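See structure below.
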Amino acid sequence: MEVRAVLFSIPFGLTFLLFGLAINLIQAICFLTIRPLSKSAFRQINGAVASFLWLDLIWLMEWWGGLKVKLYTDLETYRLMGKEHALLMPNHICDADILMGLLLANRSGCLRSALMVIKKSSKYLPIFGWTAWFLEFVFLDRSWEKDESNLKASLKRLRDFTMPFWLTIFAEGTRMSPDKLSAAREFAASRKLPIPRNVMIPRTKGFVTAVKNLRSFVPAIYDVTLAVPEGYSTPSLYMLMERQHTVVKVHVKRYSMTELPESDEGIAQWCRDRFVAKVRMNFEHYSTNMIPCWTNLKLRVPFPAKKFMKLVDLLRHCSHLLIANAENKG
105 MEVRAVLFSI
115 PFGLTFLLFG
125 LAINLIQAIC
135 FLTIRPLSKS
145 AFRQINGAVA
155 SFLWLDLIWL
165 MEWWGGLKVK
175 LYTDLETYRL
185 MGKEHALLMP
195 NHICDADILM
205 GLLLANRSGC
215 LRSALMVIKK
225 SSKYLPIFGW
235 TAWFLEFVFL
245 DRSWEKDESN
255 LKASLKRLRD
265 FTMPFWLTIF
275 AEGTRMSPDK
285 LSAAREFAAS
295 RKLPIPRNVM
305 IPRTKGFVTA
315 VKNLRSFVPA
325 IYDVTLAVPE
335 GYSTPSLYML
345 MERQHTVVKV
355 HVKRYSMTEL
365 PESDEGIAQW
375 CRDRFVAKVR
385 MNFEHYSTNM
395 IPCWTNLKLR
405 VPFPAKKFMK
415 LVDLLRHCSH
425 LLIANAENKG
């Protein structure tokens, strides 16, 4: 690891560890004292507390890492983002996708109720996993025999969510890599499916179950496509620590739940069709560096988030000045 990344990761890691454990302690106290009295009040307070931790990670991406995220969508979708329950279906391009999802939720005003479907093993990770558990993230084993009933129960528990929430499901099941993309192409060729260029083939069982259990109270699905412009590198956590700036374009197309088919196979085919569309969109994007049929909109930044991010930025800057001063004296 380069010197810059090392010098950054030590103070950031220590601060994040102490801050995260404090957040988890507050969450545990709220879980034991407030949740038995009012689940709705607990969710609002817990979400607000967890937001401080997520804002720390968003700072890592934007203020330190210099990641630029450009949003492309239509005006009606832009007005609804963060104001309604929604199921998000992005492609999975890198290990920073979860952070980009949190950034988008923050800019849309629903960071405190941004939920995700993630691996069950993540639940046991200190800070991130514990925070996610308190927030009611959905955890899966990647074994459908175990996951089906758990997924249905977890989704039904969201019915009484009073705040507008986003639930993100990575239908591909894994982030893209050269080896996985090669395997996906071989699989697609054997099944006579469209050959993926820079997205994976979706696993539809979880998505079908999500749609069937959410459609009665979640009005929309956001088809989210992430693309990296030509000449830029795909972001990673290491790149962010190294301050290697890059750009990601986020394309959001809203579908009403009423537009989706009723049958399991119909929903599965709808999901596959959306990923075929992602392939075409990404291919056109990489070929011409233009995005078809989208409006370039500036992401909103809630006022409280601006103030908190400036405070975090100031504290980080002071810590790096102290480190640099100590090195010069040494």
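Number 434 marks the last residue of the sequence shown (this note's numbering); no jumps.
Ideal Cβ positions, reconstructed from N, Cα and C, are used throughout, including at glycine.
Predicted model only: the values in this text are computed from it and were never measured.
Per the Cβ contact rule, the segment 337-348 is in contact with the segment 189-200 (3 or more Cβ pairs under 8 Å).
Secondary structure at Ala-218: strand, using DSSP grouped into helix, strand and coil. Under a 10 Å Cβ-count criterion, Pro-306 is classified as buried, with 16 or more other Cβ atoms of the shown protein chains found around its own Cβ. In this structure the segment 132-148 does not lie against the segment 202-209, because fewer than three pairs of beta carbons, one per stretch, are closer than 8 Å.
Rounded to the nearest angstrom, the Cβ distance from Met-267 to Gly-124 is 23 Å, too far for a contact under 8 Å. Counting every other CB atom within 10 Å of its CB across the protein chains shown gives Glu-166 a total of 16 or more, marking it as buried. Under the three-state reduction of DSSP output, Lys-250 falls in the helix class.
Minimum Cα-Cα distance from Asp-178 among the listed residues Ala-372, Tyr-359, Phe-311, Trp-374 corresponds to Tyr-359. Per DSSP, the beta bridge partners of Pro-194 are Val-328.
Nearest C-alpha to Leu-330 among Glu-240, Lys-382, Lys-260: Lys-382.
Put simply, the backbone Cα of Leu-141 is about 24 Å away from that of Phe-321.
Pairwise C-beta distances place the segment 232-247 out of contact with the segment 178-192, as fewer than three of them are shorter than 8 Å. When the five nearest sequence neighbours on each side are left out, the beta carbons in the same chain lying within less than 7 Å of the beta carbon of Ile-127 are those of Val-153, Ala-154, Phe-156, Leu-157, Thr-235, in order along the chain. For Leu-318, the uninterrupted alpha helix (DSSP H) segment begins and ends at 308-318. Contact between Leu-364 and Leu-318 is absent: CB atoms are separated by about 11 Å, not below the 8 Å threshold.
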